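Asker: Let me begin by handing over the structure; questions about it come next.
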Amino acid sequence: MENLRGNVALTTVLVFSAMFVFTAIAIIFQAMDFANSTTSYTNQIYAQNTAFTCLEEAYYKISRDPSYGVGSPGTFTVEIDPNRLCSAVVENTIDSNRVITIESSYRTANYNTKRTIANINAEDWDIN
1 MENLRGNVAL TTVLVFSAMF VFTAIAIIFQ AMDFANSTTS YTNQIYAQNT AFTCLEEAYY
61 KISRDPSYGV GSPGTFTVEI DPNRLCSAVV ENTIDSNRVI TIESSYRTAN YNTKRTIANI
121 NAEDWDIN
């Protein structure tokens with residue numbers, strides 16, 4: 001009978017150890033997946049903020065020179081650091097409208113946006 005108690009105890013320890021190992025592996029994979037999604041989200045936010053930097057630069061260029069982008073599109077690039085780049089194209093459409101197209105990137109994330117200034121001669125710009 002004493003040998004059976006040892007076998008039961010050893011079997012119980014082995015079964016629970018295997019369950020703990022599988023649970024730990026599952027938790028590690030979930031943590032890695034969460035870390036990857038968090039990194040991806042953070043990169044997307046940085047790309048979006050970089051695009052807004054380019055957009056503000058376009059607003060500044062238009063406010064300093066109302067003819068910017070008339071005739072031929074005005075293009076420029078802003079490099080915040082080697083990982084954060086954005087480029088913008090400012091085009092004249094009808095009358096005093098301007099269309100600003102922005103492309104930005106941060107590491108593996110990209111963000112594109114387009115804004116239209118309805119009338120650059122207005123006191124307060126109407127931006128869509």
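Under full-length UniProt numbering, the letters of the sequence shown match residues 1 to 128, in that order.
Idealized CB from N, CA, C, for every residue including glycine.
As the structure is a computational prediction, the values presented were derived from the model and not from experiment.
1. Can you list, in chain order, the residues of its chain with a C-beta nearer than 8 Å to that of S40? Leave out the 5 residues immediately preceding and following it.
2. Compute the Euclidean distance between the alpha carbons of S37 and N43, then round it to the nearest angstrom.
3. Express the C-alpha separation of F20 and L55 in angstroms, rounding to a whole number.
4. With three or more C-beta pairs closer than 8 Å as the rule, is the segment 24 to 34 touching the segment 61 to 70?
5. Would you kindly work out how many angstroms separate the C-alpha atoms of F77 and T101, rounded to a whole number?
6. How about the segment 92 to 101 and the segment 115 to 125: do they share at least three Cβ pairs that are nearer than 8 Å?
7. Here's the rule: buried if 16 or more other CB atoms are within 10 angstroms of the residue's CB, otherwise exposed. What is residue 152?
Answerer: In short:
1. Against the sequence shown, residue 40 aligns to sequence position 40. Excluding residues within five positions, the ones whose Cβ falls inside 8 Å are T108, A109.
2. Counting from one through the sequence shown, the residue named residue 37 turns up at place 37. Counting from one through the sequence shown, the residue named residue 43 turns up at place 43. S37 and N43: Cα-Cα distance of roughly 10 Å.
3. Indexing the sequence shown from 1 puts residue 55 at position 55. Indexing the sequence shown from 1 puts residue 20 at position 20. Straight-line Cα distance between these residues: approximately 52 Å.
4. no
5. If you number the sequence shown from 1, residue 77 lands on position 77. If you number the sequence shown from 1, residue 101 lands on position 101. Strictly speaking, residue 77 in this sequence is Thr, with Phe absent from that position. So the two alpha carbons sit approximately 12 Å from each other.
6. yes
7. With the chain represented from 1 up to 128, any question about residue 152 goes unanswered, as that position is not in the structure.
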